[in-house]
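Structure, as structure tokens:
Protein chains in written order, with the working numbering: chain W, 9 to 100; chain C, 249 to 488.
Structural data, given as structure tokens:
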């Protein structure tokens, strides 16, 4: 199954469970406080996911390494490379 | 199963207008391999560059020998890494294939060590874990990179931390199998390879790499790139 398929299945499952409990179709009568708590749940989850995303990306951005030494080392290598290649007869 | 002494690494270098970078990359690769005693060959696949890349490649072939450096020309309508790899693999004699941009090379030895460590089918470079990182990136570029990667992780759950990095080492049979299965164009192709590899049950090892931006020249990251990345990501989401 594709990832999209997995998501659709998951959403369908959770969606129908939520609809069954929170929207109270005839034949199913969960207690009122439960229904009140469940009704805004999708929005809460969306907001929670949004916050999690922001926090995670923010953290990863802050801890993104800068490789100063690697860059300096590369510049050294480039110098050595050019000198050596010129010696071996490469015409740049 | 080939014994350690029989391992040979084929490096595929697709090039388009890399006249300035190419000699440096090749020099670095040769030095790395010679220092670590790994048997190697470098296959340069040039897509009809107008800037003299092929001429430089031929000079390098003369300097280092045709058993070590080989230049193959390929003319395609739209330069695509995928076509370059297919073309390059036909000429590869090694049992491991390294695919990289013609920008940076001094981590090849690390890859090989990592592969042996875990007997992985694929070793991928990551900028996001361990002491991997970047150099010379401003905040905006880092943010876009992290944001795009986060989206990719959520949607594709690929099991690798960096899908768009430019370094990979593959077992030759694994790469051949993946090339058959992957259909994307451009760099989305790189992402698809890892996702498919995961699905086929191949093992993937990761090595932190320092991504020092192009030796010469500018890297583009404009609105167009972002849009095409999103399109590619959503396509992979819907088809894999």
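Cβ atoms here follow ideal geometry from the backbone N, Cα and C, with glycine treated the same way.
Just so you know, these numbers come straight off a predicted model, no measurement behind them.
- Closer than 8 Å to the CB of residue 63 of chain W there is not a single CB belonging to chain C.
- Nearest neighbour of residue 81 of chain W by Cα position, chosen from C/458, C/396, C/362 and C/482, turns out to be C/458.
- Assigned with DSSP and collapsed to three states, residue 456 of chain C falls in strand.
- Taking the Cα positions, residue 318 of chain C is about 56 Å away from residue 21 of chain W.
- Cβ-Cβ distances below 8 Å link residue 334 of chain C to 427 in the same chain, with the five nearest sequence neighbours on each side left out; the list follows chain order.
- Close CB contacts of residue 440 of chain C within its chain, under the 8 Å cut and outside five residues either way in sequence, are with 430, 431, 432, 484 and 488 (chain order).
- Residues of chain C with a Cβ closer than 8 Å to the Cβ of residue 59 of chain W do not exist; the shortest Cβ-Cβ separation is about 13 Å.
- For residue 359 of chain C, the closest Cβ of chain W is not nearer than 8 Å.
- Taking a contact as a CB-CB distance under 8 Å, the pair residue 438 of chain C and residue 412 of chain C counts as one, their CB atoms being some 6 Å apart.
- In this structure, residue 360 of chain C sits near residue 286 of chain C, with a CB-CB distance shorter than 8 Å.
- Under a criterion of Cβ atoms nearer than 7 Å, the residues of chain W adjacent to residue 488 of chain C are, in order, 10 and 11.
- For the stretch 270-283 of chain C, the set of residues with a beta-carbon nearer than 7 Å to any beta-carbon of chain W comprises 271, 272, 275 and 276, in chain order.
- The count of Cβ pairs closer than 8 Å, one atom from the stretch 54-61 of chain W and one from the stretch 379-393 of chain C, stays below three, leaving the stretches out of contact.
- Around the CB of residue 486 of chain C, fewer than 16 other CB atoms lie within 10 Å, so the residue is classed as exposed.
- By the Cβ-count criterion, residue 397 of chain C is buried, with 16 or more other Cβ atoms from all chains shown falling within 10 Å of its own Cβ.
- Taking all protein chains shown into account, residue 363 of chain C has 16 or more neighbouring C-beta atoms within 10 Å of its C-beta and is therefore buried.
- In terms of Cβ geometry, residue 420 of chain C and residue 472 of chain C do not form a close pair [threshold 8 Å].
- Put simply, the CB of residue 25 of chain W is far from chain C, with every gap to its CB atoms at 8 Å or more.
- In the three-state scheme derived from DSSP, where H, G and I count as helix and E and B as strand, residue 360 of chain C is classed as helix.
- The three-state secondary structure of residue 303 of chain C, taken from DSSP, is helix.
- Here the alpha carbons of residue 90 of chain W and residue 372 of chain C stand approximately 29 Å from one another.
- Residue environment analysis places residue 271 of chain C among the buried positions, since at least 16 neighbouring C-beta atoms fall within 10 angstroms of its C-beta.
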